[in-house]
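Accompanying notes for the structure given below.
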Amino acid sequence: MPSAPTIAPLGPDHAAAARDLTTAVGWSHRREDWLLALAVGRGLGAFDGDGALRGTLMWFPYGAAFGFVGMIAVDPARHRGGIGAALMARAIEDAGERALLLISTVAGRRLYDRLGFRAIGANAAHVGIADKGGPSDGVSPARPDDLPQLAALDGAALGYPRDALIAALAADGETAVVRDGEAIEGFAICRRFGAGHVIGPVVAADPGQACRLIGWWLARRRGETVRIDVPAEHADLAAWLAARGLPRGGESPIMVRGAAPVSGTGVQRFALVSQAMG
Ligand SMILES: CC(C)(COP(=O)(O)OP(=O)(O)OC[C@H]1O[C@@H](n2cnc3c(N)ncnc32)[C@H](O)[C@@H]1OP(=O)(O)O)[C@@H](O)C(=O)NCCC(=O)NCCS
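Each residue of the sequence shown is one higher than the last, beginning at 367 in the numbering used here.
Structure follows, in structure tokens:
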């Protein structure tokens, strides 16, 4: 039986080894996806005595009151050896007073239940080859000086701030907006991820606006693999996506440990950044 690994911070030098671990559990993160996560979040690794990486976890501080946990992956040869639990214990300690959110896989559910997480919703990935766009009247590319408004809209929709994340995503990908004069009413970021593109976050005033923003991106990604993570409450959007080549996968619970965030009114989140970042 191998001795218990040491839990220590992950940095950019670990991105390739971390990518190898997430590939081993069946996820499609590229090294670049890991580098982006490490630039905006806090990484933890489980290291054997010889320095080999056996487990990963990222957590993303969203203001003083919330954090999101993801990319929890343990070397399949070492499952059920306590590494996942050790990574989670360290993340909970490092996050201090923050409430922690995550989206659970089937494999992780018992661990999170045991740690006091409870389900507050569900999310499902829509993945497929984009086969048509949709009406996208009023949608245009964002300008660099739109960034503060994008971060403010995202924070209003979620009930906690993610300014550093939104800035990193906007720099990594491209952003489409709906504006009324100088005021931005909704936006959708599209960026490379894994073997294709991800559309998200999508923040909009209503479902029609969300479809126009997503339709704008689907028209530009026609014939390519696209992923969009849509919370369960947006059933109409889910059906609309399925009709465009992006069927809905199985639902995964959105869980919280601590007080659940209170979303704002007037603007809603229609698609996540990802299951790992919320
Ligand atoms: C989910 C995951 C991270 C859990 O990691 P892990 O290191 O296997 O988890 P742990 O060993 O800490 O705990 C898992 C189970 O092993 C058990 N366990 C822990 N130490 C053990 C030991 N020495 N002997 C036998 N079982 C043990 C735990 O009790 C737990 O069992 P239970 O869930 O039936 O109660 C891992 O299965 C994984 O990488 N899965 C694929 C990726 C994934 O789904 N990640 C979660 C994303 S949200």
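Where a beta carbon is used, it is the ideal one built from N, C-alpha and C, also for glycine.
None of these values were measured; they are calculated from a predicted model.
Q: Can you give me the start and stop residues for the alpha helix (DSSP H) that leucine 584 sits inside?
A: In the DSSP assignment, leucine 584 falls within the unbroken alpha helix (DSSP H) covering 573-586.
Q. Under the three-state reduction of DSSP, which class applies to isoleucine 487: helix, strand or coil?
A. Reading the sequence as shown, one finds glycine at residue 487 and not isoleucine. Residue state, collapsed to three classes: strand.
**Q.** C-alpha gap between alanine 390 and alanine 383, whole angstroms
**A.** 11 Å
Q.
Taking only three categories from DSSP, how would you classify valine 406?
A. helix
Q: For histidine 445, count neighbouring C-beta atoms within 10 Å of its own C-beta (all shown protein chains included) and say buried if the count is 16 or more, exposed if not.
A: Classification of histidine 445: exposed, given that the 10 Å Cβ count is below 16.
Q. Is leucine 468 near ligand 1, in the sense that its beta carbon is under 8 Å from a heavy atom of that ligand?
A. yes
Q) Just to check, is the beta-carbon of valine 442 closer than 8 Å to a non-hydrogen atom of ligand 1? A) This sequence places proline at residue 442; valine is not what is there. The answer is yes for proline 442.
Q) Which runs of the beta strand (DSSP E), 3 residues or longer, sit entirely within the region 372-418? A) 372-376, 408-413
Q. What is the DSSP secondary structure of leucine 516, reduced to helix, strand or coil?
A. helix
Q) Taking Cβ positions, are leucine 483 and valine 622 nearer each other than 9 Å? A) According to the sequence as given, residue 483 is phenylalanine; it is not leucine. Contact: yes.
Q | Limits of the unbroken beta strand (DSSP E) element including methionine 454 | A | Counting along the chain, methionine 454 falls outside any beta strand (DSSP E), though it belongs to the alpha helix (DSSP H) covering 449-461.
Q: Could you say if the region 497-507 and the region 401-418 meet the contact criterion of at least three C-beta pairs nearer than 8 Å?
A: Flag = no, the region 497-507 and the region 401-418 do not touch.
Q. Which same chain residues, not among the five before or five after glycine 616, have their C-beta less than 8 Å away from its C-beta?
A. Ala490
Q: Go ahead and label proline 514 buried or exposed: buried means 16 or more other beta carbons lie within 10 angstroms of its beta carbon, across all protein chains shown.
A: exposed
Q) Quick one, are the C-beta atoms of isoleucine 620 and proline 567 less than 9 Å apart? A) No, these two residues do not count as a Cβ contact at 9 Å.
Q | CB-CB length for leucine 494 against valine 592, believed under 8 Å | A | First, the residue type needs correcting, since residue 494 is glycine and not leucine in the sequence shown. That pair is a contact at about 7 Å.
Q) With burial defined as no fewer than 16 other Cβ atoms inside 10 Å of the residue's Cβ, what is the status of serine 629: buried or exposed? A) Serine 629 should be labelled exposed.
Q. Sorted by chain position, which residues of the same chain lie with C-beta nearer than 7 Å to alanine 625's C-beta, five sequence neighbours on each side aside?
A. Ala465
Q | Helix, strand or coil at leucine 612 [DSSP, three-state] | A | coil
Q: Identify whether aspartate 529 lies in helix, strand or coil by the three-state DSSP scheme.
A: helix
Q) Do the region 453-461 and the region 584-603 touch if we need at least three Cβ pairs shorter than 8 Å? A) no
Q. By how many angstroms is the C-alpha of threonine 372 removed from the C-alpha of phenylalanine 636?
A. 39 Å
**Q.** Heavy atom of ligand 1 within 8 Å of arginine 587 beta-carbon
**A.** Checking the Cβ of arginine 587 against ligand 1 gives no.
Q: Just tell me which of Thr471, His492, Ala554, Leu387 has its CA closest to the CA of proline 609.
A: The identity of residue 609 in the sequence shown is alanine, whereas the question assumes proline. With distances taken between Cα atoms, alanine 609 lies closest to His492.
Q. Using a Cβ-Cβ distance under 9 Å, would glycine 450 count as near chain C?
A. The chain inventory of the structure shown lacks chain C, comprising one protein chain alone.
Q. Measuring CA to CA, which of Phe434, Pro573, Ala534, Arg588 is closest to proline 627?
A. Phe434
Q | Where glycine 446 falls: helix, strand or coil (DSSP) | A | One point to set straight first is that residue 446 is arginine, not glycine, in the sequence displayed. In the structure shown, arginine 446 sits in coil (DSSP, three-state: anything other than H, G, I, E or B).
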